[in-house]
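Colleague: Input: one structure, supplied below.
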Amino acid sequence: MNGKTCFFIGSRHTPSRIQPQLAEAVDKHIIEYGVTSFTVGHYGSFDSLVIGVLNEAKKQYSHIKLYLLAPYALNQNREAPEGFDGTFYPEGLEKVPMRYAIVQANRYIVQNSDYLISYPGVGNSRKIVEYTQGREKKGLIKVTLL
Numbered sequence: 001m002n003g004k005t006c007f008f009i010g011s012r013h014t015p016s017r018i019q020p021q022l023a024e025a026v027d028k029h030i031i032e033y034g035v036t037s038f039t040v041g042h043y044g045s046f047d048s049l050v051i052g053v054l055n056e057a058k059k060q061y062s063h064i065k066l067y068l069l070a071p072y073a074l075n076q077n078r079e080a081p082e083g084f085d086g087t088f089y090p091e092g093l094e095k096v097p098m099r100y101a102i103v104q105a106n107r108y109i110v111q112n113s114d115y116l117i118s119y120p121g122v123g124n125s126r127k128i129v130e131y132t133q134g135r136e137k138k139g140l141i142k143v144t145l146l
């Protein structure tokens, strides 16, 4: 992944009504911040909304890339699903027990991204956002909450 990067994390129960706000945030990140690489998971309604918005954005901004976060070792060499430009498997994750893989993958990505767009719920997505906000205070990442 080259250029400025953005990761997404949100509640698996995210309502579809946030789609316009999400699309606006994506446009802003492309136009104003120069983001060219976006990474997202695929386990809930937030991720589904993000994938839809980014595939629409790719029609207008053909230079952007969309990567699927693959938190499990068995997914690391899989072909990317339709609409994605590739998969990303964080290094070192093969030693992490499966039950912690998503949390560790998310943490790795926020440590290696320039931006985070989030609609946090409760549980792990909230914890990752709080962790990332701490990194933001140090100037390491910029967080956009929807």
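Residues in the sequence shown are numbered consecutively from 1, following UniProt numbering. A virtual CB, placed ideally from N, CA and C, is assigned to each residue, including glycine. Fair warning: this is a prediction, and the values are worked out from it, not measured in the lab.
Compare the Cα-Cα distances from Asp85 to each of Pro15, Gly10, Phe8 and His63 and report the closest residue.
Modeller: If you number the sequence shown from 1, residue 85 lands on position 85. For Asp85, the nearest C-alpha among the options comes from His63.
Colleague: Taking contact to mean at least 3 C-beta pairs separated by less than 8 Å, is the segment 94-114 in contact with the segment 12-22?
Modeller: The segment 94-114 vs the segment 12-22: no contact.
Colleague: Could you tell me which uninterrupted alpha helix (DSSP H) segments, each at least 4 residues in length, are contained entirely in the segment 63-119, listed from first to last along the chain?
Modeller: Within the segment 63-119, the complete alpha helix (DSSP H) runs of at least 4 residues are 98-111.
Colleague: Let me check understanding here. Comparing Cα to Cα, which of Arg107, Asn112, Lys138 and Gly139 lies closest to Val129?
Modeller: Against the sequence shown, residue 129 aligns to sequence position 129. Cα-wise, what sits closest to Val129 is Arg107.
Colleague: How long is the line joining the alpha carbons of Leu68 and Gly44, rounded to whole angstroms?
Modeller: The residue you call residue 68 lines up with position 68 of the sequence shown. The residue you call residue 44 lines up with position 44 of the sequence shown. Looking at the two C-alpha atoms, the distance is approximately 13 Å.
Colleague: Which residue wins for smallest C-alpha separation from Ile141, given the options Arg126, Asn124, Lys127 and Tyr115?
Modeller: In the sequence shown, the residue the question calls residue 141 occupies position 141. Measuring from the Cα of Ile141, the nearest candidate turns out to be Tyr115.
Colleague: Examine the ligand PLP and report whether any of its heavy atoms sits within less than 8 Å of the Cβ of Gly34.
Modeller: Looking for the ligand PLP in the displayed structure turns up nothing, as the structure carries no ligands at all.
Colleague: Considering only the alpha carbon of each residue, which of Lys137, Phe46, Leu66 and Lys95 lies closest to Tyr119?
Modeller: Position 119 of the sequence shown, counted from the start, is the residue given in the question as residue 119. For the residues Lys137, Phe46, Leu66 and Lys95, the minimum Cα distance to Tyr119 belongs to Phe46.
Colleague: Excluding five sequence neighbours on each side, which residues of the same chain lie with their C-beta closer than 6 Å to the C-beta of Gly41?
Modeller: Here residue 41 refers to the residue found at position 41 of the sequence shown. Cβ neighbours of Gly41 beyond the five flanking positions: Asp47 and Leu69.
Colleague: To the nearest angstrom, report how far apart Ser11 and Leu145 are at their CA atoms.
Modeller: On the sequence shown, position 11 is the one that residue 11 refers to. On the sequence shown, position 145 is the one that residue 145 refers to. If I take the Cα positions, the gap works out to 12 Å.
Colleague: For the beta strand (DSSP E) that Lys28 lies in, which residues bound it at each end?
Modeller: Taking the first residue of the sequence shown as 1, we reach residue 28 at position 28. That residue, Lys28, is in no beta strand (DSSP E); its alpha helix (DSSP H) goes Gln19 to Ile31.
Colleague: Should His29 be labelled buried (16 or more other beta-carbon atoms within 10 Å of its own) or exposed?
Modeller: Your numbering for residue 29 matches position 29 in the sequence shown. His29 is buried by the Cβ-count criterion.
Colleague: Taking the CB atoms as reference points, tell me whether Phe38 and Thr14 lie closer together than 9 Å.
Modeller: For the purposes of this step, residue 38 is identified with residue 38 of the sequence shown, where counting begins at 1. For the purposes of this step, residue 14 is identified with residue 14 of the sequence shown, where counting begins at 1. Cβ distance not < 9 Å, so Phe38 and Thr14 don't count as in contact.
Colleague: Report the rounded CA-to-CA distance for Lys58 versus Lys65, giving the unit in angstroms.
Modeller: One-based indexing of the sequence shown puts residue 58 at position 58. One-based indexing of the sequence shown puts residue 65 at position 65. Approximately 8 Å between the Cα atoms of the pair.
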